[in-house]
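FYI, in the working numbering the residues of the sequence shown are 59 to 377.
Here a beta-carbon is modelled for each residue, glycine too, at the ideal position from N, C-alpha and C.
Small disclaimer: the values here were computed from a predicted structure and weren't measured.
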Amino acid sequence: MNAQRLTVVVAAHNEALALPMLHVRLCAVLDDLGGIDGRVLYVDDGSTDTSWEVMQGLADTDPRVGVLRLSRNFGKEAALTAGLDFVDDGAVMILDADGQDPPELIPEFVALWQQGYDNVYGTRLKRDGESWFKRSTAKAFYRVIGRLSNTPIPADTGDFRLLSPRALQALGQLRERHRFMKGLFGWVGFRRKALPYHRHARLVGESKFSVWRLWNFALEGITGFSTAPLRATTYLGLAAASFAFLFALVVVLKAALYGDRVAGWPTMMAVILFLGGIQLIALGLIGEYLGRLYEESKQRPLYLVDTWQAPFVADSAVH
Ligand code: UDP
Ligand code: MG
Numbered sequence: 059m060n061a062q063r064l065t066v067v068v069a070a071h072n073e074a075l076a077l078p079m080l081h082v083r084l085c086a087v088l089d090d091l092g093g094i095d096g097r098v099l100y101v102d103d104g105s106t107d108t109s110w111e112v113m114q115g116l117a118d119t120d121p122r123v124g125v126l127r128l129s130r131n132f133g134k135e136a137a138l139t140a141g142l143d144f145v146d147d148g149a150v151m152i153l154d155a156d157g158q159d160p161p162e163l164i165p166e167f168v169a170l171w172q173q174g175y176d177n178v179y180g181t182r183l184k185r186d187g188e189s190w191f192k193r194s195t196a197k198a199f200y201r202v203i204g205r206l207s208n209t210p211i212p213a214d215t216g217d218f219r220l221l222s223p224r225a226l227q228a229l230g231q232l233r234e235r236h237r238f239m240k241g242l243f244g245w246v247g248f249r250r251k252a253l254p255y256h257r258h259a260r261l262v263g264e265s266k267f268s269v270w271r272l273w274n275f276a277l278e279g280i281t282g283f284s285t286a287p288l289r290a291t292t293y294l295g296l297a298a299a300s301f302a303f304l305f306a307l308v309v310v311l312k313a314a315l316y317g318d319r320v321a322g323w324p325t326m327m328a329v330i331l332f333l334g335g336i337q338l339i340a341l342g343l344i345g346e347y348l349g350r351l352y353e354e355s356k357q358r359p360l361y362l363v364d365t366w367q368a369p370f371v372a373d374s375a376v377h
């Protein structure tokens, strides 16, 4: 039987400083993986610094390294998808380029894979170097999506995970444009196992995820994996309509009993503004889903490849 293969997929956007540091640590781990044929695939997600040159340098000196360059910055989710698409054999391990996901834990992931788990995901016990705001909003987000969605999306879990060949193959079938990877991983199912770890601060550079980007990311997650907000507006509408009906009764009764003296301008304005607000929110919400439907209907590819260079290790070299 062939040796089992594990490809570490690293998506990077402007990580020229972090990549060499990460590579040294990765190599040490891959050298020590025993009977497993360990490889690395770096995906350059449209970096504007020297990340691509750095990656090529790593590929030139290490035959286990493959490099993939996208035609522009498509975002981490698309970059990861591209990386996973180019792995045609064996399991994959997904790792951030900035060293926040410690490569030294890979053997533990592999051990669980060999026990038969298909989706071994790192769960953050502690997050260094991240603000209170980021941590608390992340927590609230996981709680909301956990409630709204039927897909199991484990809390405090990022993309740091190992996928068995069959889980990878299954994930490859999900081609939606709006990709919320955490949800897609959960959707695939199979045997899942959490691996708690301590998330370190970035080695160098800054997070590419601003508050605004995180908010959009959260919207992506919720709209991608739940239609509960759409349904909720129906109930909101029902509640508002019932209230309006009761209010109308009160107004009519009052006019009948005490006469109509053209009072109530403030109440009228309040009701109009309130209902107008609700209607706009509901419309915006429908728009969020409709916009995604529109993107989906265009059927564009998820990413475009500029350059692809496979690892030099010949398959026959694997015993
Ligand atoms: N990344 C990417 N494309 C992007 C943004 C980020 O490939 O458009 C990569 C980035 O290089 C890093 C990983 O995604 O390897 C996580 O990004 P970051 O550290 O900025 O996010 P955080 O850890 O703060 O959530
Ligand atoms: Mg990071």
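Asked                                                                                                                                : Found
8 angstroms Cβ cutoff met for Val382 and Ala259                                                                                      : In the structure as shown, the chain begins at 59 and stops at 377. Residue 382 is therefore absent and cannot be evaluated.
Rounded straight-line distance, which links the Cα of Gly104 to that of Ala74                                                        : 12 angstroms
With 16 other Cβ atoms within 10 Å as the buried cut-off, status of Asn177                                                           : buried
For Ala225 and Phe248, believed in contact at Cβ under 8 angstroms, the rounded distance                                             : 5 angstroms
Beta-carbon spacing of Gly295, Ala252 below 8 angstroms                                                                              : no
Residue span of the beta strand (DSSP E) that contains Tyr255, given as start and end                                                : Arg250 to Arg257
Cβ-heavy atom distance, Ser265 to the ligand MG, below 7 angstroms                                                                   : yes
Distance cut-off 7 angstroms: Arg260 Cβ against heavy atoms of the ligand UDP                                                        : yes
8 angstroms Cβ cutoff met for Pro212 and Tyr179                                                                                      : yes
Sequence-distant residues of the same chain with beta carbon closer than 7 angstroms to Tyr291, five excluded per side               : First, the residue type needs correcting, since residue 291 is Thr and not Tyr in the sequence shown. Ala340 and Leu343.
Which listed residue (Asp214, Val87 and Trp110) has its alpha carbon closest to that of Arg257                                       : Asp214
Identity of the residues DSSP links to Lys184 by a beta bridge                                                                       : His256
Glu234 burial status per 10 Å Cβ neighbour count (16 or more: buried)                                                                : exposed
Among Phe243, Gly279, Gly92 and Lys134, nearest to Leu220 - alpha-carbon criterion                                                   : Phe243
Uninterrupted alpha helix (DSSP H) stretches inside the stretch 165-244 (no shorter than 4 residues)                                 : 190-206 and 223-229
Of the listed residues Val329, Gly322, Tyr316 and Gly115, nearest to Phe303 (C-alpha basis)                                          : Val329
Residue closest to Gln231, alpha-carbon to alpha-carbon, out of Ala140, Asn72, Trp171 and Val66                                      : Ala140
Rounded C-alpha distance that separates Ala169 from Ala137                                                                           : 27 angstroms
Residue from Val87, Asp147, Ala155 and Gly148 with nearest C-alpha to Leu101                                                         : The amino acid occupying residue 101 in the given sequence is Val; Leu does not appear at that position. The residue with the shortest Cα to Cα distance from Val101 is Ala155.
Cβ-based neighbour list, Arg97, same chain, cut-off 6 angstroms, excluding 5 preceding and 5 following                               : Thr65, Arg122 and Pro369
Cutoff 6 angstroms; reference Tyr175; Cβ partners in own chain excluding five residues on either side                                : Arg249 and Lys251
Validate contact between the stretch 79-93 and the stretch 147-161 using beta carbons, cut 8 angstroms, 3 pairs                      : yes
Beta-carbon contacts of Thr106 that lie in its chain and below 7 angstroms, excluding the five residues immediately before and after : Asn72
Range covered by the beta strand (DSSP E) that runs through Ile152                                                                   : Ala149 to Asp154
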